[in-house]
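Read through the structure below, which is laid out as structure tokens, and then see the notes.
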Amino acid sequence: MPAGSRRNFLQGTLVSAAALALSQKIAAATGPAREMAPKLDASEGFLTDVNVYVAQWPFRRVASDEPRALAGKLRARGVKTAWTASLESLLHRDLAAVNLRLVESCRVHGPGLFLPFGAVNPSLPDWEEDLRRCAEVHHMKGIRLHPNYHGYKLNDPRFVRLAEQAERRDLIVQIATEMEDRRTQHPLALVPPVDVSPLPEIAARLPRLKLVVLNASLAGPLATRLAGSGQVHLDTSHHEG
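Put into structure tokens, the structure is as follows:
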């Protein structure tokens, strides 16, 4: 989420899990969850931002939170493709409606730029239908999950079932580990980061599953295991130092 003017650019030739679906190479870093920083792929000569949101952050206004202005800002920085989710998905329960508005917003305000990534919450009834709509109705390339806002952990059997279905549908699964620095969170809405330690085991069980961990501040053996799996790709925008 908003963090001043800090921008993280990662240049290189890392082939992301998303590239398997989109035939594109991307670098794995992005800026804070709402104020995006584009990633440069020097080998292909274009920018792909894998961590973009439309709609408004519920606790305050932030720069470029109007979709048209956001599209202009991204294009001005050379971004050609922006994997885009909706901030409404954090607190809304009707995710079918959220995803429909997301698709429409992407179509109207960023055609050819915004690539919608829908929301699915496996703790809600009929989440399988939301996943089906993302894949079959909206023809999305992936989904973006917010387990800490939706009240489940990554070792929850419901998440494992979601991952299995996403693998069968060849959907990229993005997991946002946190949306805002804990030091600036609203005192009535303190949300801890997602524990991603179950992911190596899940990735081993589902070898075709494509995972992108967003806003990660990981280091040490866990980061090494995730990166070494070949399936899990890390956005380092929240990693300091």
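Take 6 as the starting number for the sequence shown in my numbering and just add one per residue.
Heads up, the beta-carbon is just placed ideally off N, CA and C, and yes, glycines get one too.
Beta carbon of residue i nearer than 8 Å to that of residue j
i: A3; j: L92; result: With the chain running from 6 to 246 in the structure shown, residue 3 is simply not present.
i: D54; j: A87; result: yes
i: A124; j: N104; result: yes
i: N160; j: P127; result: no
i: V196; j: V218; result: no
i: P205; j: L231; result: yes
i: A171; j: L239; result: no
i: R174; j: A140; result: yes
i: V178; j: G225; result: no
i: E185; j: N153; result: no
Reduced DSSP secondary structure (H/G/I, E/B, other) of residue i
i: S69; result: coil
i: W88; result: strand
i: T53; result: strand
i: K78; result: helix
i: L214; result: coil
i: R98; result: coil
i: T229; result: helix
i: V59; result: strand
i: L193; result: coil
i: L223; result: coil
i: S242; result: coil
Delimiting residues of the alpha helix (DSSP H) encompassing residue i
i: P152; result: 152-155
i: E93; result: Premise fails: E93 is in no alpha helix (DSSP H) and is neither H nor E.
i: L136; result: 132-137
Residue i versus the options, residue with shortest Cα-Cα distance
i: L3; options: R137, V201, Y154, G156; result: Here the chain has residues from 6 to 246 only, and residue 3 is not among them.
i: L211; options: L227, Q236, V201; result: Q236
i: L118; options: Y58, V199, H151; result: Y58
i: D131; options: G83, P72, T182, R98; result: R98
i: V108; options: D186, H144, K78, L79; result: H144
i: S110; options: R82, P72, D135; result: P72
i: A181; options: V84, F51, G115, T241; result: T241
i: E134; options: L167, H114, G156, K158; result: L167
i: P192; options: L52, N56, F64, H151; result: F64
Cβ-heavy atom distance, residue i to the ligand MG, below 7 Å
i: F64; result: This structure lacks the ligand MG, and indeed carries no ligand of any kind.
First and last residue of the uninterrupted beta strand (DSSP E) at residue i
i: P121; result: 119-121
i: A239; result: Per the sequence shown, the amino acid found at residue 239 is Leu instead of Ala. Element bounds for L239: 237-239.
Enumerated in chain order, which unbroken segments of the alpha helix (DSSP H) with a length of 4 residues or greater are wholly contained in the region 153-186?
-> 162-173
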